[in-house]
Amino acid sequence: MPPSTSRGAVEDPLLGPADAGRVASSLAAEYPGARTELDHRDAFELLVATVLSAQTTDVRVNQVTPDLFADWPDAAALAGAEEAAVTDVVRPLGMGPTRARRIIGLARGLVIDHGGEVPDDQAALEALPGVGRKTAHVLRGAWFGHSLLAVDTHVGRLARRLGWTASTDPRAVEEDVIARVDADGRGGSAEDLTLLGLRLILHGRRVCTARTPRCGDCVLADVCPSAGTA
DNA sequence: ATCCCGAGGG
DNA sequence: CCCTCTGGAT
Numbered sequence: 001m002p003p004s005t006s007r008g009a010v011e012d013p014l015l016g017p018a019d020a021g022r023v024a025s026s027l028a029a030e031y032p033g034a035r036t037e038l039d040h041r042d043a044f045e046l047l048v049a050t051v052l053s054a055q056t057t058d059v060r061v062n063q064v065t066p067d068l069f070a071d072w073p074d075a076a077a078l079a080g081a082e083e084a085a086v087t088d089v090v091r092p093l094g095m096g097p098t099r100a101r102r103i104i105g106l107a108r109g110l111v112i113d114h115g116g117e118v119p120d121d122q123a124a125l126e127a128l129p130g131v132g133r134k135t136a137h138v139l140r141g142a143w144f145g146h147s148l149l150a151v152d153t154h155v156g157r158l159a160r161r162l163g164w165t166a167s168t169d170p171r172a173v174e175e176d177v178i179a180r181v182d183a184d185g186r187g188g189s190a191e192d193l194t195l196l197g198l199r200l201i202l203h204g205r206r207v208c209t210a211r212t213p214r215c216g217d218c219v220l221a222d223v224c225p226s227a228g229t230a
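For the first sequence, full-length UniProt numbering assigns the number 1 to the initial residue and increments by one for each residue that follows.
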C-alpha cells in the first residue's frame, strides 16, 4: 500500500475512471466460467444456451447442454421435439416445463422464419420468442463479432461506480463503456466485450450490489473510484 | 421468504 | 417505465 491512502485526504485526489483493462482481467479471473458459457459449436447452440441462462441462479446451463444438443443438435430437431423429453433434460434449471416450451418455441421460430438458421440481425432475433435485447446482444457479440454490450441495471450501476459513465440511459451507458474499453483498449475483441458484460452482471448481483456494495470483498476495489464510498 | 445472467405485455 | 410470469434452490 502507498504511504497515504486515507480517503478524502488532500494528497489523495479522487481516482479517475477505473482502467478497463484491469477491470476486465480482474473480473476474468473472478468469473472464468463466463468463457465456457460462450463456447459452443454453432450459433444455434449458443442462442439456446443463452436463452436458458436467463433467470437462472448460477451458471448451471452447461450441465444440461451436452445432453440437450446430443439429442437435438439443430433447430429442426428441437422444433420437432417432444416437450416432455426436453423437459426431462432441462429440469435441473428449474421452472418445470416452461424452459422446454421456451426453447422449442425458439427452435420453431428459427425454422419458420429463417429456415433453421440463426440470423445476424438484432430485430429479427428479438422477434423470435424468448429472445430479447440482452440475448440478441450476447449472441451477436460473441458469435457474429459485433462490439455490443448488453446493459441492464447492474451493468449501468457498475459503469457509473467505475467512473465510466454518468448516464442512466442504457444506450448511452453502452456507448460510454465501449468508448472506455477502446480508450484503455488492450485486446478489446467483440467476444471480450460480451464477456465483460456478462461478468459485470454477475459482479453487480454478487458484490457490487445496489444498496450495500461489498467493497471489502471486491476485486476491483483498488481501481474503483467509488470503493468505500457507499 | 427471497433470489435468479430477462422477456413480453401494458 | 412498470408489472408479471414461473419454479427450484438456499
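A virtual CB, placed ideally from N, CA and C, is assigned to each residue, including glycine.
- For R60, same chain residues with a beta-carbon under 8 Å away, outside a window of 5 residues either side, are P92, L93 in chain order.
- By the CB criterion at 9 Å, E174 and A150 fall inside the cutoff.
- If the five residues before and after A75 are omitted, its C-beta is found closer than 6 Å to the C-beta atoms of F44, A107, L110, V111, G116, all from its own chain and listed in chain order.
- Sequence-distant partners of P225 (beyond 5 residues in either direction) whose C-beta falls short of 8 Å from its own C-beta, in its chain, are L14, L15, G16, P17, A18, R161, L162, G163.
- Going by beta carbons, N62 and A70 fall outside the 9 Å limit.
- Taken atom to atom, the span from the alpha-carbon of F144 to that of D120 is near 7 Å.
- Counting along the chain, the unbroken alpha helix (DSSP H) around P170 starts and ends at 170-183.
- With a beta-carbon spacing of about 5 Å, V90 and A100 fall inside the 8 Å limit used to define contacts.
- Take A81, set aside five residues on each side of it, and the residues of its chain with a beta-carbon closer than 7 Å to its own are W72, I104, in chain order.
- Rounded to the nearest angstrom, the gap between the Cα atoms of G188 and G216 is 28 Å.
- The closest CA to that of L46, considering only H114, V23, R157, G141, is found on G141.
- In the structure shown, the three-state DSSP call for L148 is coil.
- For S53, the secondary structure class from DSSP, reduced to helix, strand or coil, is helix.
- Judged by DSSP in its simplified three-state form, V223 adopts coil rather than helix or strand.
- Ranking L220, A54, R35, A34 by CA distance to the CA of R133 puts A54 first.
- Between the alpha carbons of T168 and A84 lies a gap of roughly 43 Å.
- Take the alpha-carbon of V219 and the one of D113: they are about 44 Å apart.
- Taking C-beta separations shorter than 6 Å and ignoring five residues to either side along the sequence, the partners of L202 in its chain run Y31, following chain order.
- V181 is a Cβ neighbour of L193, given a cutoff of 9 Å.
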